[in-house]
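>
Number of protein chains: 2
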Amino acid sequence: MAETGSAAATDFPLKRPRDDGEKEANNNNNGSVLMEMDSNKQPDCISSVIPGWFSEISPMWPGEAHSLKVEKILFQGKSDYQNVMVFQSSTYGKVLILDGVIQLTERDECAYQEMITHLPLCSIPNPKKVSKQFFPDVAVGFEDPRVTLHIGDGVAFLKAVPEGTYDAVIVDSSDPIGPAQELFEKPFFESVAKALRPGGVVSTQAESIWLHMHIIEDIVANCRQIFKGSVNYAWTTVPTYPSGVIGFMLCSTEGPPVDFKHPVNPIDADDSNCNSSKGPLKFYNSEIHTAAFCLPTFAKKVIESKNEKI
Amino acid sequence: MAETGSAAATDFPLKRPRDDGEKEANNNNNGSVLMEMDSNKQPDCISSVIPGWFSEISPMWPGEAHSLKVEKILFQGKSDYQNVMVFQSSTYGKVLILDGVIQLTERDECAYQEMITHLPLCSIPNPKKVSKQFFPDVAVGFEDPRVTLHIGDGVAFLKAVPEGTYDAVIVDSSDPIGPAQELFEKPFFESVAKALRPGGVVSTQAESIWLHMHIIEDIVANCRQIFKGSVNYAWTTVPTYPSGVIGFMLCSTEGPPVDFKHPVNPIDADDSNCNSSKGPLKFYNSEIHTAAFCLPTFAKKVIESKNEKI
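Protein sequences, first through last, are from chains A and B.
Using the working numbering, the letters of the first sequence correspond one by one to residues 1227 to 1536.
Using the working numbering, the letters of the second sequence correspond one by one to residues 1227 to 1536.
1. Under a CB-based cut-off of 9 angstroms, is residue 1511(B) close to chain A?
2. According to DSSP, which residues form a beta bridge with residue 1447(B)?
3. Alpha carbon to alpha carbon, how far is residue 1385(B) from residue 1339(A)? Give it in angstroms, no decimals.
4. Give a yes or no on whether 9 angstroms exceeds the smallest Cβ distance from residue 1337(A) to chain B.
5. Rounded to whole angstroms, what's the CA-CA distance from residue 1509(A) to residue 1523(B)? Just pull it up for me.
6. Residue 1327(A) and residue 1185(A) - do their beta-carbons sit closer together than 9 angstroms?
7. Quick one: does residue 1459(B) have its CB under 9 angstroms from some CB of chain A?
8. Excluding the 5 residues flanking residue 1477(A) on each side, which residues of the same chain have their C-beta closer than 6 angstroms to its C-beta?
9. Apart from the five residues just before and just after residue 1351(B), which ones in its own chain have a Cβ nearer than 7 angstroms to its Cβ?
10. I'd like to confirm the pairing. Which residues does DSSP put opposite residue 1299(B) in its beta bridges?
11. When DSSP labels each residue in this structure, what does residue 1526(A) get in the three-state scheme?
12. Taking 9 angstroms as the cut-off, decide whether the C-beta atoms of residue 1484(B) and residue 1425(B) are in contact.
13. Rounded C-beta distance between residue 1322(A) and residue 1329(A)? I'm assuming under 8 angstroms.
14. What does residue 1290(B) touch in chain A if you count any residue whose Cβ is under 9 angstroms from its own?
15. Which same chain residues end up closer than 6 angstroms to residue 1417(A) when comparing Cβ atoms and leaving out the 5 residues on each side of it in sequence?
16. State the CB to CB distance for the pair residue 1422(A) and residue 1380(A), rounded to an integer number of angstroms; the pair is presumed to be in contact (CB under 8 angstroms).
17. Starting from the C-beta of residue 1229(B), find all residues in its chain whose C-beta is less than 8 angstroms away, skip the five residues before and the five after it, and write them out in chain order.
18. Quick one: give me the first and last residue of the beta strand (DSSP E) that residue 1281(B) is part of.
19. Would a C-beta distance cut-off of 9 angstroms place residue 1446(B) and residue 1459(B) closer than the cut-off?
20. With 9 angstroms set as the bound, which would you pick, yes or no: does the beta-carbon of residue 1514(A) sit closer than that to a beta-carbon of chain B?
21. Measure from the C-beta of residue 1388(B) to each C-beta in chain A and report whether the shortest distance is under 9 angstroms.
22. Helix, strand or coil for residue 1338(B)? Go by DSSP, reduced to three states.
23. Looking at the strands, I want to know which residues DSSP matches up with residue 1473(B).
24. When you compare the CB of residue 1428(B) with every CB in chain A, is at least one pair closer than 9 angstroms?
25. From the DSSP output, read off the bridge partner residues of residue 1515(B).
26. Residue 1307(B): which of 1407(B), 1318(B) and 1374(B) sits nearest, CA to CA?
27. Closer than 7 angstroms, Cβ to Cβ, to anything on chain B: give me those residues from the region 1477 to 1494 of chain A, in chain order.
28. Per DSSP, which one or two residues make a beta bridge with residue 1431(A)?
29. Assuming residue 1318(A) and residue 1289(B) make a contact with CB atoms under 8 angstroms, what is their CB distance in whole Å?
30. Can you have a look at residue 1333(A) and say buried or exposed, based on whether 16 or more other CB atoms are within 10 angstroms of its CB?
31. Residues in the same chain with beta-carbon distance under 8 angstroms from residue 1442(B), minus the five sequence neighbours each way, listed in chain order, please.
32. How would you write the range of the alpha helix (DSSP H) that residue 1412(B) sits in, first residue to last?
33. Could you say which of 1298(B), 1299(B), 1296(B) and 1325(B) lies nearest to residue 1310(B) if we only look at CA atoms?
34. Would you kindly check if the distance between the Cβ of residue 1377(B) and the Cβ of residue 1286(B) is under 9 angstroms?
35. Return the Cβ separation of residue 1493(A) and residue 1336(A) in integer angstroms, given the expectation that the two are a contact with Cβ distance under 8 angstroms.
36. Going by DSSP, what residues sit across from residue 1507(A) in a beta bridge?
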């Protein structure tokens, strides 16, 4: 997936236009990771660093940074699409970074991975055909005999799929500014809707209510136009993501109605279902499923008013 | 409350024993805040800093740090009890720091303040007598004619209160290692239980499920022994607290039963109740109230097993 590089140059495709003077990342010899970037809006973000730590600084969340202590850098390189780094952290296990942004840590990945998959799959009776995209290679699920892995451009892949193929599509994307931008736009959602059977479901990463309500508003508006079954926003805690939370759009196509808030495949903490997979679930259960759709007032107002306008 | 200090020396009462070589904090002239501390367990945490930013580094959450960009330091000094700093941040409004730890920011305080108060007060029919402690002076509630403010030692205050005085006690404490330690111990919970009427309720800060399950286990065990009505753990998102979440113990004394999960005083986003106070609620509503009691599997297992053992 990625070529090996030593102290590779790293650019930050986090802003458009791309002519904004992005700089190199440097890896010094004591395990510290220096990340620098220019920004017309936040010039003071340049050269912000904790020696010996990875600091996640981005114009996507100006004025704040989460830092993890680095024990050892395990991989650093550049794929055809993104800059990739894996390091052993001091207290969060192994950490995967794409384009300078934390994608997962071993300590808290359970929250994100279990929620983005179980929220849709426990909401329909008998999910069989699911399109998994962009899952990191640390996921044990790839060893499951039910999985066929397609590596490639997810946007092109879904466009080429015959209409009504899938029960569920799960889009584990990075942030909308950069290479994953297309995954937040209307043509992609239209491909997803076409690829789904009637009453099929999609779960897609949909940013943080604390940081990106304006992005969420746009996603909700797009989804309301395209998914004629139901359109919902759910969220979960992920300590190492900016603001500590991340959200998902859960939508269904016209057909058998899907009540996302009340899962038809209940999984409880002490359920034997938990042990039928590679390991017991650490985070997800049916109560947390339903709770994920309850929104703070400030978010609820925006999302509901967006629904009404359409 | 606190004496004014310029570039005041700051110590960190975050660890016991206190003979571990705590160092000074330095305030340089460009608005950056350098915080250093020794720790026998995390020697590498020393000298971690982002220039121009406040970095929250503590042995309570080793290996990670949240940083906020500082625009201007508004106050820095030492009260009889704690080191106090207030700064204008770049994107989170004004920020209050006690002993090096973020207590509140204007941007996300609504989540914590609304939840720690409304979770107990919406769970009983007609709350009148409430003991408020340690609320920061930015709270507008102090201007409410229904409020009588007592400044002093909350532990001593509650001990002296006649039995059965209060409908509700809300304990907005800092972390259990340091000056707030007593507020997490059995004698204090016994004072609270004594001060409450039968079927009275307490809400107390109870740390993060991601970081401090062992502390939560102990608190739950203490509460199960002392509060004979019901004992519950609830949680909420607070982006600027370590791990992005914080929890509360919601307990009631023996008497009229209190079902914390289903509030008897419902408040909805578009409810006129929201506007009867100083400002509309930004975060709390009845749905988020109920959802707050739904726990991830890893936390649920620990808390429920603790309940069964007692």
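Even glycine gets a Cβ: it sits at the ideal position worked out from N, Cα and C.
Fair warning: this is a prediction, and the values are worked out from it, not measured in the lab.
Reading off the structure:
1. Taking the first residue of the second sequence as position 1, residue 1511(B) is located at position 285. Output row for residue 1511(B): interface = yes.
2. Counting from 1 along the second sequence, the entry for residue 1447(B) is found at position 221. Bridge partners of residue 1447(B): none, in fact.
3. Taking the first residue of the first sequence as 1, we reach residue 1339(A) at position 113. Taking the first residue of the second sequence as 1, we reach residue 1385(B) at position 159. Their backbone Cα atoms lie some 47 angstroms apart in a straight line.
4. If you number the first sequence from 1, residue 1337(A) lands on position 111. Residue 1337(A) counts as touching chain B.
5. Mapped onto the first sequence, residue 1509(A) falls at position 283. Mapped onto the second sequence, residue 1523(B) falls at position 297. Cα to Cα, the separation comes out at about 5 angstroms.
6. This structure does not reach residue 1185(A), given that chain A is present from 1227 up to 1536, and the question cannot be answered.
7. In the second sequence, the residue the question calls residue 1459(B) occupies position 233. Not an interface residue.
8. Position 251 of the first sequence holds residue 1477(A). So the list reads 1428, 1449, 1453 and 1457, once near-sequence residues are dropped.
9. As a working mapping, residue 1351(B) is identified with position 125 in the second sequence. 1490, listed in sequence order.
10. Here the question's residue 1299(B) lines up with position 73 in the second sequence. Paired residues: 1313(B).
11. As a first step, residue 1526(A) must be located in the first sequence, where it is residue number 300. Of the three classes helix, strand and coil, the one that applies to residue 1526(A) here is helix, per DSSP.
12. Here the question's residue 1484(B) lines up with position 258 in the second sequence. Here the question's residue 1425(B) lines up with position 199 in the second sequence. Cβ atoms of residue 1484(B) and residue 1425(B): closer than 9 angstroms.
13. On the first sequence, residue 1322(A) is found 96 positions in, with the first residue counted as 1. On the first sequence, residue 1329(A) is found 103 positions in, with the first residue counted as 1. The Cβ separation is near 5 angstroms, so the contact holds.
14. By 1-based counting over the second sequence, the position of residue 1290(B) is 64. Within 9 angstroms Cβ-Cβ: 1279, 1292, 1293, 1294, 1295, 1315, 1316, 1317, 1318, 1465 and 1466.
15. In the first sequence, the residue the question calls residue 1417(A) occupies position 191. Cβ within range, chain order: 1384 and 1385.
16. The sequence position of residue 1422(A) within the first sequence is 196, counting from 1. The sequence position of residue 1380(A) within the first sequence is 154, counting from 1. Contact flag wrong, Cβ pair sits at about 14 angstroms.
17. Mapped onto the second sequence, residue 1229(B) falls at position 3. Summary for residue 1229(B): the model assigns pLDDT 29, below 50, so the residue's position carries little reliability, and this model does not support an answer.
18. As a first step, residue 1281(B) is located in the second sequence; it is residue number 55 there, counting from the start. Residue 1281(B) -> beta strand (DSSP E) spans 1279 to 1282.
19. As a working mapping, residue 1446(B) is identified with position 220 in the second sequence. As a working mapping, residue 1459(B) is identified with position 233 in the second sequence. Against a cut-off of 9 angstroms, the Cβ pair of residue 1459(B) and residue 1446(B) comes out as a contact.
20. Taking the first sequence and counting its residues from 1, the one referred to as residue 1514(A) is at position 288. Judged by the 9 angstroms Cβ criterion, residue 1514(A) is in contact with chain B.
21. On the second sequence, residue 1388(B) is found 162 positions in, with the first residue counted as 1. So no, residue 1388(B) is outside the interface.
22. For the purposes of this step, residue 1338(B) is identified with residue 112 of the second sequence, where counting begins at 1. Note: residue 1338(B) maps to helix in three-state DSSP.
23. One-based indexing of the second sequence puts residue 1473(B) at position 247. Bridge partners of residue 1473(B): 1461(B).
24. Along the second sequence, read from residue 1 onward, the residue named residue 1428(B) stands at position 202. Answer no: the Cβ-Cβ gap between residue 1428(B) and chain A never drops below 9 angstroms.
25. Your numbering for residue 1515(B) matches position 289 in the second sequence. Answer is none; residue 1515(B) lacks a bridge partner.
26. Locating residue 1307(B) in the second sequence gives position 81, where the first residue counts as 1. Minimum Cα distance to residue 1307(B) is reached at 1407(B).
27. none
28. Numbered from 1 along the first sequence, position 205 holds the residue referred to as residue 1431(A). In DSSP, residue 1431(A) forms a bridge with 1474(A).
29. By one-based count along the first sequence, residue 1318(A) stands at place 92. By one-based count along the second sequence, residue 1289(B) stands at place 63. Right, their Cβ atoms sit about 7 angstroms apart.
30. Within the first sequence, numbered from 1, the residue matching residue 1333(A) stands at position 107. Per the 10 Å Cβ criterion, buried.
31. The count along the second sequence starts at 1 and reaches residue 1442(B) at position 216. Cβ within range, chain order: 1432, 1433, 1435, 1459, 1473, 1525, 1528 and 1529.
32. On the second sequence, residue 1412(B) is found 186 positions in, with the first residue counted as 1. Unbroken alpha helix (DSSP H) run through residue 1412(B): 1412 to 1421.
33. Position 84 of the second sequence, counted from the start, is the residue given in the question as residue 1310(B). Per the Cα distances, 1325(B).
34. As a working mapping, residue 1286(B) is identified with position 60 in the second sequence. As a working mapping, residue 1377(B) is identified with position 151 in the second sequence. No, they are not a contact pair.
35. What you label residue 1493(A) is simply residue 267 of the first sequence in a count that begins at 1. What you label residue 1336(A) is simply residue 110 of the first sequence in a count that begins at 1. With a Cβ gap of about 14 angstroms, residue 1493(A) and residue 1336(A) do not count as contacting.
36. Stepping through the first sequence from its first residue, residue 1507(A) is reached at position 281. None; residue 1507(A) has no bridge partner.
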